[in-house]
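Reading through the structure tokens given below for one structure.
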Amino acid sequence: MNNLSNMKSDQPFRVPEDYFENLSDRVQERIITEENPNKRLIQVLKPYFWMAASVVGILFIAKIVLINSVPSDYKIQQFSQTENTAVDTQSTSLDELNWFSDESSEATSDEIIEYLSDFDIDSESLLANL
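Sequential numbering from 1 applies to the sequence shown in this note's numbering.
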């Protein structure tokens, strides 16, 4: 305790002159400027840009990892199966076209009469419209 009494009573720190006299004015100025911040659109959207960039980066990295992890022979096998399916579909449609082309292109009068009777088309009204 004796050491404390021997210390100087002077404060080592000083406050600038008129600091407390205009303190309230400075605080009010800061409050007003903080209430009406003039933020630019870029400052407002900056977090969203970072978020979008991080999502794009994650997707890009995931794509690279997935491309490198799939064996190349699997890709070739999958491609050949797709090609075979396409060729089978085309050959089936060609077979159907050939099946129809084998029939005669002209219909007999009996076939025409049967068609008209199946669909209840009156031949007299048909002839009247010609």
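Glycine is no exception: its CB is placed at the ideal position from the N, C-alpha and C atoms.
Source: prediction; values computed, not measured.
DSSP three-state label for V55, please. To locate residue 55, count along the sequence shown from 1; it is residue 55. V55: helix per DSSP, three-state reduction.
* Determine the extent of the alpha helix (DSSP H) in which Y115 is found, giving its start and end residues. => Translated into positions along the sequence shown, residue 115 becomes position 115. Per DSSP, Y115 belongs to the alpha helix (DSSP H) from 109-118.
In angstroms with no decimal places, state the Cα-to-Cα distance between R14 and E29.
-> In the sequence shown, counting from the first residue as 1, residue 14 sits at position 14. In the sequence shown, counting from the first residue as 1, residue 29 sits at position 29. Each residue's alpha carbon lies about 24 Å from the other.
Exercise. Expressed to the nearest angstrom, what Euclidean distance is found between the alpha-carbon atoms of D18 and P47?
Worked result: As a first step, residue 18 is located in the sequence shown; it is residue number 18 there, counting from the start. As a first step, residue 47 is located in the sequence shown; it is residue number 47 there, counting from the start. D18 and P47: Cα-Cα distance of roughly 42 Å.
I need the straight-line Cα distance from V55 to A62, nearest angstrom please. If you number the sequence shown from 1, residue 55 lands on position 55. If you number the sequence shown from 1, residue 62 lands on position 62. Taking the straight line from one Cα to the other gives about 10 Å.
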